[in-house]
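Scroll down for the structure; my scribbles are underneath it.
Residue numbers (this note's numbering), protein chains in the order written: chain A, 1086 to 1306; chain B, 105 to 342; chain C, 400 to 461.
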């Protein structure tokens, strides 16, 4: 457990020091939210109808941003070799990386999500559920995205490749998260969507590290 | 089957006669299927678009069947290091993408007269679209990693991740459909298909399957020769 | 029982979808066969070269 704590501390320090990963994702999120009314028209009625959904979509895309460097930097400077040889299994290192990525990028994005949704015209009563779904969904995004990041190690094109691999995997959490908010807004049963979202994120949490570790070992071989 | 996959020599001897045989079977089945297809009367609801339904539904079945083959080959390659499994997975992916594209395009041509739009965000259509995106991601990853062994193993991991994910995607899309659309375009408990339509549909589906089998073997053979050529080139250079 | 190739009002949708099916199958078949032929030829060329090199080598030494 001590070793795992050290791993988490290392990853947190790295991602804070990694040229403001969170700032970059937040700025990107805001920029996407700004472009939406410019592209879709600014009539309040039209925007309000799609506000929660598009806030969620932009969240999914923004969480892709910092994935590219998740394993790549450690892969390039040899730290990944040390992690693979070290006493802690590579699965734990992958878990720590994704958890740290969620804390430094996913959580700030989740806090910004209701602001964006409200600015686009979503009613304020949706804000608490927006934060909760964004926090839970962000966990799933980090652990699913990590698989894409680990798989594309050693490839010629990182960022776009990760997006193409990972975005189809993001279909279920986007559906569950935006669906729960929609249902809440319409006064329908929103707990099912939230529970399905939680189940998805837990599955990603449980299975993702094994896929990531296998992909890292393959890249190191 | 597995014994043939573990031994390249036996595979080459087996596929040399089995691939052309599958091609002939596919051609015969396609001819029979097309004959019964156009001998069938127009459906009282779908009219003549029922002809599209045969080639569309069969392609949609194949898109899933090929992914199952891809997943099985990836599993054999990753876990048991079966010699030809990597080649088989690599050979299946473009074929699967082709069948999925076919399902999407013909579905669109069927939807336009039936639903009045080229595309409906129906649960089945959407999951086939996500499946197509999976194939594209797989092919992109395969192309992006230069080292053969590494590329094959990374792709195998992705294929297995996809195998876990596809049922979840399918379930989530079904759930989403009940949320956004009162009545689905397809009825789950629709009337049983009369034999006059079942026969052409099943025959065409079998023809597709035989064609896939034959093409799959041809592509695996190409893969075996490609590796052999690369080994010989290395030996000549070294 | 005769064949009924009339497609009524829907001909504009039926025939293009058959044409596209034929096209995609043609692409898959041609690509697969061309690939197999190309690499088979490559193997044969390499093997011939190796044999010629093997036959030439002893003469060089002699």
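All C-beta atoms in this analysis are idealised placements derived from N, C-alpha and C, irrespective of residue type, glycine included.
A contact is defined here as three or more CB-CB pairs under 8 Å, and the region 1249-1265 of chain A fails this definition with respect to the region 1175-1192 of chain A. With respect to the C-alpha of residue 415 of chain C, the residue from B/212, B/129, B/226 having the closest C-alpha is B/212. Contacts with chain A at 8 Å (Cβ-Cβ) do not include residue 225 of chain B.
When rounded, the separation of the alpha-carbon atoms in residue 236 of chain B and residue 112 of chain B is 31 Å. For residue 1298 of chain A and residue 1196 of chain A, the gap between their C-alpha atoms comes out near 30 Å.
Residue 1194 of chain A and residue 1129 of chain A have their C-alpha atoms roughly 24 Å apart.
By the Cβ test, the region 208-227 of chain B is not in contact with the region 172-180 of chain B, since fewer than three Cβ pairs between them sit closer than 8 Å. Within chain A, the residues whose beta carbon sits less than 8 Å from that of residue 238 of chain B are 1253, listed in sequence order. Apart from sequence neighbours up to five positions away, the residues of its chain that approach residue 1244 of chain A with a beta-carbon distance below 7 Å are 1153, ordered along the chain. Looking only at B/272, B/136, B/156, B/311, the smallest Cα-Cα distance to residue 410 of chain C is reached by B/156.
Taking C-alpha positions only, residue 334 of chain B is separated from residue 1110 of chain A by approximately 44 Å. Of A/1234, A/1164, A/1166, the smallest CA-CA separation from residue 1246 of chain A is found for A/1234. If you look at residue 1131 of chain A, you'll find it in the alpha helix (DSSP H) that goes 1129-1147. Here residue 423 of chain C has no same chain residue with a Cβ atom under 6 Å from its own Cβ, once five neighbours each way along the sequence are excluded. Closest option to residue 1275 of chain A, judged by alpha-carbon separation, among A/1261, A/1286, A/1284, A/1285: A/1261.
Residue 256 of chain B and residue 1151 of chain A have their C-alpha atoms spaced approximately 26 Å apart.
Linking residue 273 of chain B to residue 1118 of chain A through their CA atoms gives a straight-line distance of about 26 Å. Chain B has a Cβ within less than 8 Å of the Cβ of residue 1264 of chain A. In the pairwise beta carbon analysis, the region 1223-1234 of chain A is classified as not touching the region 1199-1213 of chain A: fewer than three pairs are separated by under 8 Å.
Relative to residue 1121 of chain A, the option among A/1221, A/1088, A/1185, A/1202 whose CA is nearest is A/1202. In this structure, residue 427 of chain C places its C-beta atom within 8 Å of the C-beta atom of residue 199 of chain B. Cβ contact annotation for residue 314 of chain B (same chain, cutoff 7 Å, sequence separation greater than five): 126, 129, 130, 133, in chain order. Counting other Cβ atoms within 10 Å of its Cβ, residue 219 of chain B stays below 16 and is therefore classed as exposed.
Straight-line spacing of the CA atoms in residue 264 of chain B and residue 233 of chain B works out to 19 Å. CA-CA distance, residue 1139 of chain A to residue 1265 of chain A, rounds to 14 Å.
Within its own chain, no residue has a Cβ closer than 7 Å to the Cβ of residue 276 of chain B once the five positions on either side in sequence are excluded. For residue 111 of chain B, there is no enclosing alpha helix (DSSP H), since its DSSP letter is neither H nor E. Distance from the Cα of residue 196 of chain B is smallest, within the candidate group B/239, B/231, B/163, B/227, for B/239. Only those residues of the region 1197-1209 of chain A whose C-beta falls short of 8 Å from the nearest C-beta of chain B would be listed, and there are none. Annotation: residue 1101 of chain A to residue 1189 of chain A spans about 7 Å, alpha carbon to alpha carbon. The beta carbon of residue 1221 of chain A sits no closer than 8 Å to any beta carbon of chain B. When the Cα atoms are used, residue 137 of chain B and residue 311 of chain B turn out to be separated by approximately 8 Å.
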